[in-house]
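Student: Residue numbers (our numbering), protein chains in the order written: chain A, 62 to 620; chain B, 5 to 287.
The C-beta atom is built at its ideal place from N, Cα and C for all residues, glycine as well.
Since the structure is predicted, the reported quantities are computational estimates derived from the model, not experimental observations.
Could you have a look at this structure, given as structure tokens, before my questions?
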Amino acid sequence: MYNILLGGAAGDGIETMSAIFEKMLKQSGCHLFTIRDFMSRVRGGHNFTQIRFGNQPFHAHRDTLNGIFAIDETTYLEHQSRLSYDGFILCDESLAIDDFRAIKCPLKKTAANLGNPKVINSVATGALLKLFDMPLDQAADILKASLRDDLVEVNLSAIKMGYDLLNATHHLSPVETSEQLLLSGNTAIGLGAVAAGIRFYSAYPMSPSTSLLDFFNAQSSAMAIAVEQAEDEIAAINMAIGAAYAGATAMTGTSGGGFSLMVEALGFAGIAEIPLVAVDVQRPGPATGFPTRTEQSDLKFVISASQGEFPRMVIALRDHADCFYQTARSLALAKKYQLPVILLSDQYLADSTTTVPLFDVNKIVHFDQPGPMVPATDDLPYQRYALTENGISPLAIPGKSPALVRVDSDEHDPWGQITESATIRNQMVNKRQNKLNALKEELIEPEFWGSHQCQSLLVGFGSTSGAIKEAIDILNQNENNYGALIFGDIYPLPTERLRHFAAQVVDIINVEQNATGQLASLIREEALINCDHSILKYDGRQLSVDDILNGIKNLKGGF
Amino acid sequence: MNKPAFTTYDTAWCPGCGNYAILETLTGVLNQLATPPHQVVLVGGIGQAAKTNQYITANGFSGLHGRSLPAAAAIKIANNDLTVIVNTGDGDSYGEGGNHFLHNIRRNVDITHFVHDNQIYGLTKGQPSPTSDPCDPLHKAAACNMGATFNPLLVALAAGATFVARSFSGDKKHLADMMAAAIKHPGYALVDILQPCVSFNKINTFAYYKQRVKPLDDRHDPTNKLAAIEKAMEFGDTIPIGILYQQATPTYADKRPELFDNIPLADKHVPQNAIETLIKSYI
Ligand SMILES: Cc1ncc(C[n+]2csc(CCOP(=O)(O)OP(=O)(O)O)c2C)c(N)n1
Ligand code: SF4
Ligand SMILES: [Mg+2]
């Protein structure tokens, strides 16, 4: 397994180079996991992607590097301390990098000879492929799929010339990857929504959710999705609500700032019992925060967002497969229970790309809900909010039957007419809350990872999943003493497994990408269980396996 | 078979309120349409005017204060077969919902927007709305605008609206004509309806409007935007009512024939193999 970094300034083309290089690695039989670290600017600064690859699947990044491709000296200076002793720095011969690990090549000269200085990255790609002893046979196809037609030829030549600059020094035995996808978390969310029959997506651009809007725009015609770039996030969520009322499977997406604007309408979906999915792709806040970086600090916000009380569900997405399957499930649950479901993702998951087993559409068919009911003519006038045992009222769609469908943001009676009756108010609040009883029955308990005899339990949620699992595996190599619970369904909080392990272990450590330990606080509130220690990170850079291992080392030293 | 009729319920409005005439006229206009009640969605925000949809037997969507337009547009996008009509107040439409007002004009979804413009916040009991008259030291108005008065028709024209009209709740015949024409218009249609609020607006009363409103005559060419702009700027001793501007422009749906054909978007189905092909394109 190898871990390499490609770095340069914004505008240097690192992003494109990385996407092409990743595809080549995958086609050559590698699994990979790539994180993207970029600044909120279009030119200058320092951006990098970090690609971990090898012949086993990866679910997280690591800190120690085996190689760096440095477009500039900054890249070297920023990252050389993480480069292993036997690692390499591939760079142009002109860079002032004085390091015995440097492999200086005539990258610029080669590009210049080809008549296009911009193909320097392709020269470097060729050199890297050679270093890792990868074949070139897929290069032409991948370039064709990735670049403008007129750029394919020259970049292919550049890759070939780069390939001839060096000798192979690293070797990997290839594995079968033809049943693997290579995609980002946001793409996986988009595909999950498509598979679940999304017909309407509305949003206002905001990093790191924007690529979701771009995905749906690109698929709008082919996949029959109306995509609205709304005038603001308030319009975006109110549009999704309107579309859902009229029978379209609808979703909206944003980051924390936009979610803040959606809050009133979230409660509207709650009281009006509209099936709605809202994705919050988190970034560090508050306010504008760190636009292009990562955090898990909206948990307690989305759980309590909006005035008043109403049932909702929150699902934290843990990895790329979750992005697909849980998005589809969220749309189905929103319909089944007629309530808002919030998907919590974050920049790390949204922008990282990885190989993941081919998504199986058949696995989500059982999430399909029966179509909207058509009331018998003698059931009229139709009661949109009929009082039922489990709180779920049969849902009719306007225009599909003689039933007149009335929904209301005011408190209302079973027909959806505004009311101020104390009795009906109690009935309606109880009815809505009742829906949670059935929902709680089908919550998915947190995934357990590690030794069932563990004495130390890590708890986490969402995108730190991969790092936590890998850290547990490493810790258990020495003392088989560690376990982890990683929450996907997080609100309502499933507590059965948590109670089971809490009774057994000596200590519980919450691992979170935020400053205040929001999961620990939720666990305390919902299960009366205290976490004994915390490993927290909130610098906008994702917790790595190494951060967790170091955190444990520090804690255990202090025991 | 007879089409089921649109009928009305008891209301929570003050006796003498201009909203009654609007409700009655709208019900009459709806009954003239070929569309049955279950194919009509009446949308509102929050306010006295916004309650209109509560009082007519049709599908009803009472949304949030200021947010009726985006919801209405999306209802129409989801099911192009529905007739979608918004009834809501001046505060709701031009104040809280000002941004949506602008951008739904640009969106040009085929919905109809009836603003019950009482030049006041009725439900919250008498605060100035964007369309309240400017403050005048001689008038002892409780509710007036310290800042400039908002001119909804002028703004609508500037934003590119393709149907811009004004009417008066006190002239039911005129109002019915405006409503029918607006519903018929393909695309976003705005009718600003002068509506006396007997409880809180003591300036812009029934008599005040009655004296001033003047139907546009035949010389007004509703396809002439400059003439429409001139008429939109008239609001004083005479207040022109009628269709100030109307133009045939492609609607939101016209521009996306692949999404808006004879099958409502909400009912469309993408075959599983197409979805699988898309997924496999990431291999
Ligand atoms: C977010 C929000 N802010 C404020 C209100 C309170 N509110 C309800 S109606 C209204 C104004 C009503 O004025 P208008 O829209 O002109 O309707 P009218 O009652 O005059 O018909 C206000 C401010 C609210 N319901 N929601
Ligand atoms: S307050 Fe004014 S607008 Fe509201 S019902 Fe009374 S008269 Fe009509
Ligand atoms: Mg008003």
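Kindly indicate which three-state DSSP category G246(A) falls into: helix, strand or coil?
Tutor: Along the first sequence, one-based indexing puts residue 246(A) at 185. G246(A): helix per DSSP, three-state reduction.
Student: Under 7 angstroms, do L269(B) and A82(B) count as touching if we go by C-beta distance?
Tutor: As a working mapping, residue 269(B) is identified with position 265 in the second sequence. As a working mapping, residue 82(B) is identified with position 78 in the second sequence. Going by C-beta atoms, L269(B) is nearer than 7 angstroms to A82(B).
Student: Could you tell me whether any Cβ in chain B is nearer than 7 angstroms to the Cβ of M284(A)?
Tutor: Locating residue 284(A) in the first sequence gives position 223, where the first residue counts as 1. Output row for M284(A): interface = yes.
Student: Leaving out the 5 sequence neighbours to the left and right, which residues in its chain are closer than 8 angstroms to Y224(A) when beta-carbon positions are compared?
Tutor: Here residue 224(A) refers to the residue found at position 163 when the first sequence is read from its first residue. Contacts found: G187, A188, L190, K191, L197.
Student: Is V47(B) buried or exposed, if buried means 16 or more other CB atoms sit within 10 Å of its CB?
Tutor: By one-based count along the second sequence, residue 47(B) stands at place 43. When all chains shown are included, V47(B) counts as buried.
Student: Does S66(B) have its Cβ less than 7 angstroms from a Cβ in chain A?
Tutor: The sequence position of residue 66(B) within the second sequence is 62, counting from 1. Cβ-Cβ to chain A under 7 angstroms: yes for S66(B).
Student: So is P347(A) in contact with chain B if we call contact Cβ pairs under 7 angstroms?
Tutor: Indexing the first sequence from 1 puts residue 347(A) at position 286. With 7 angstroms as the cut-off, P347(A) does not count as an interface residue toward chain B.
Student: Going by DSSP, what residue range makes up the beta strand (DSSP E) through H224(B)?
Tutor: Against the second sequence, residue 224(B) aligns to sequence position 220. Looking at the DSSP string, H224(B) is not in any beta strand (DSSP E), and its letter there is neither H nor E.
Student: Does the beta carbon of E481(A) come closer than 7 angstroms to any beta carbon on chain B?
Tutor: In the first sequence, counting from the first residue as 1, residue 481(A) sits at position 420. Not an interface residue.
Student: Assuming A393(A) and S245(A) make a contact with CB atoms under 8 angstroms, what is their CB distance in whole Å?
Tutor: Position 332 of the first sequence, counted from the first residue, corresponds to residue 393(A). Position 184 of the first sequence, counted from the first residue, corresponds to residue 245(A). Contact between A393(A) and S245(A) is ruled out by a C-beta separation of about 23 angstroms, above the 8 angstroms threshold.
Student: Quick one: what's got a C-beta closer than 6 angstroms to Y552(A)'s C-beta in the same chain, skipping five residues either side?
Tutor: As a position in the first sequence, residue 552(A) is number 491, starting the count at 1. The answer, listed in chain order, is I364, V375.
Student: Just the Cα atoms here: how many angstroms apart are R260(A) and L583(A)?
Tutor: Taking the first residue of the first sequence as 1, we reach residue 260(A) at position 199. Taking the first residue of the first sequence as 1, we reach residue 583(A) at position 522. One Cα belongs to R260(A), the other to L583(A), and the distance between them is close to 34 angstroms.
Student: By DSSP, does A163(A) sit in helix, in strand, or in coil?
Tutor: Here residue 163(A) corresponds to residue number 102 of the first sequence, with the count starting at 1. It is a strand residue.
Student: Just verifying my parser: in three-state terms, what is the DSSP assignment at M5(B)?
Tutor: As a first step, residue 5(B) must be located in the second sequence, where it is residue number 1. Model confidence at M5(B) stands at a pLDDT of 45, short of 50, so the residue's coordinates are unreliable; what they give is reported in the following sentence. Of the three classes helix, strand and coil, the one that applies to M5(B) here is coil, per DSSP.
Student: Using 7 angstroms as the limit for Cβ to Cβ distance, is Y24(B) near chain A?
Tutor: Against the second sequence, residue 24(B) aligns to sequence position 20. So, not an interface residue.
Student: Do you know how far the Cα of V402(A) is from the Cα of T355(A)?
Tutor: Against the first sequence, residue 355(A) aligns to sequence position 294. Against the first sequence, residue 402(A) aligns to sequence position 341. Taking the CA atoms as reference points, T355(A) sits about 22 angstroms from V402(A).
Student: Does DSSP put M182(B) in a helix, a strand or coil?
Tutor: Position 178 of the second sequence, counted from the start, is the residue given in the question as residue 182(B). In the structure shown, M182(B) sits in a helix (DSSP, three-state: H, G or I).
Student: Under the three-state reduction of DSSP, which class applies to E237(A): helix, strand or coil?
Tutor: As a first step, residue 237(A) must be located in the first sequence, where it is residue number 176. In the structure shown, E237(A) sits in coil (DSSP, three-state: anything other than H, G, I, E or B).
Student: Which bits of chain A does K2(B) rub up against, with CB to CB less than 9 angstroms?
Tutor: Residue numbering for chain B in the displayed model covers 5 to 287; residue 2(B) lies beyond these limits and cannot be assessed.
Student: Closer than 7 angstroms between beta carbons: that is the criterion. Which residues of the region 74-103 of chain B meet it against chain A?
Tutor: P74, A75, A76, A77, A78, I79, I81, A82, N83, D85, L86, N103
Student: By Cβ distance, which residues of its chain are closer than 7 angstroms to A157(A), with the 5 residues on each side in sequence left out?
Tutor: For the purposes of this step, residue 157(A) is taken as the residue at position 96 of the first sequence. So the qualifying residues of the chain are E134.
Student: Helix, strand or coil for Q444(A)? Go by DSSP, reduced to three states.
Tutor: As a working mapping, residue 444(A) is identified with position 383 in the first sequence. The answer is coil: DSSP assigns Q444(A) none of H, G, I, E or B.
Student: Taking L151(A) as the reference, give the member of S142(A), L144(A), D160(A), K165(A) with the closest Cα.
Tutor: For the purposes of this step, residue 151(A) is taken as the residue at position 90 of the first sequence. The shortest C-alpha separation from L151(A) is found at K165(A).
Student: Of all the options S234(A), E508(A), T525(A), V255(A), which has the alpha carbon lying nearest to the alpha carbon of Y599(A)?
Tutor: Residue mapping note: residue 599(A) aligns to position 538 of the first sequence, counting from 1. Distance from the Cα of Y599(A) is smallest, within the candidate group S234(A), E508(A), T525(A), V255(A), for T525(A).
Student: If you compare alpha carbons, which of V255(A), Q241(A), R373(A), A287(A) is closest to Y262(A)?
Tutor: Residue 262(A) sits at position 201 when you count from the first residue of the first sequence. Comparing Cα positions, the closest option is A287(A).
Student: Going along the chain, which residues of its own chain have a beta-carbon closer than 6 angstroms to the beta-carbon of F82(A), five neighbours each way excluded?
Tutor: The count along the first sequence starts at 1 and reaches residue 82(A) at position 21. In its chain, beyond the 5 residues on either side, T186 have a beta carbon closer than 6 angstroms to the beta carbon of F82(A).
Student: Based on DSSP bridge pairs, tell me the residues matched to K218(B).
Tutor: For this step, residue 218(B) is matched to residue 214 along the second sequence. By DSSP's assignment, K218(B) forms a beta bridge with P244(B).
Student: With respect to the beta strand (DSSP E) encompassing A193(B), which residues constitute its N-terminal and C-terminal limits?
Tutor: Here the question's residue 193(B) lines up with position 189 in the second sequence. Run containing A193(B): 193-198, per the beta strand (DSSP E) assignment.
Student: Along the chain, where does the beta strand (DSSP E) containing G544(A) start, and where does it finish?
Tutor: Numbered from its first residue, the first sequence carries residue 544(A) at position 483. 543-548 is the extent of the beta strand (DSSP E) around G544(A).
Student: Touching or not, the region 250-259 of chain B and the region 188-208 of chain B, by the rule of three or more beta carbon pairs under 8 angstroms?
Tutor: Three or more Cβ pairs closer than 8 angstroms define a contact, and the region 250-259 of chain B meets that threshold against the region 188-208 of chain B.
Student: Please go through the region 154-225 of chain A and give each complete alpha helix (DSSP H) segment of 4 or more residues, from N-terminal end onward.
Tutor: 168-174, 181-192, 200-207, 210-224
Student: If I'm right that L519(A) touches V572(A) with Cβ under 8 angstroms, what's the distance once you round it to whole angstroms?
Tutor: Position 458 of the first sequence, counted from the start, is the residue given in the question as residue 519(A). Position 511 of the first sequence, counted from the start, is the residue given in the question as residue 572(A). Between V572(A) and L519(A) the Cβ distance is about 5 angstroms, and since that is below 8 angstroms, they are a contact.
Student: Considering only residues of the same chain and omitting the five flanking positions on each side of N63(B), which have a CB-CB separation below 6 angstroms?
Tutor: Residue 63(B) sits at position 59 when you count from the first residue of the second sequence. These residues qualify, in order along the chain: V45.
Student: Leaving out five residues on either side along the sequence, give the residues of the same chain with a beta carbon under 7 angstroms from the beta carbon of G350(A).
Tutor: Taking the first residue of the first sequence as position 1, residue 350(A) is located at position 289. Non-local beta-carbon contacts of G350(A) in its own chain, meaning distances under 7 angstroms to residues more than five positions away in sequence, involve R344 in chain order.
Student: Please report the straight-line C-alpha distance between S207(A) and M62(A), rounded to a whole angstrom.
Tutor: For the purposes of this step, residue 207(A) is taken as the residue at position 146 of the first sequence. For the purposes of this step, residue 62(A) is taken as the residue at position 1 of the first sequence. Whole-angstrom Cα-Cα distance: 26 angstroms.
Student: Just to check, is the beta-carbon of C139(B) closer than 6 angstroms to a non-hydrogen atom of ligand 2?
Tutor: To locate residue 139(B), count along the second sequence from 1; it is residue 135. No, since every heavy atom of ligand 2 falls outside the 6 angstroms radius drawn around the Cβ of C139(B).
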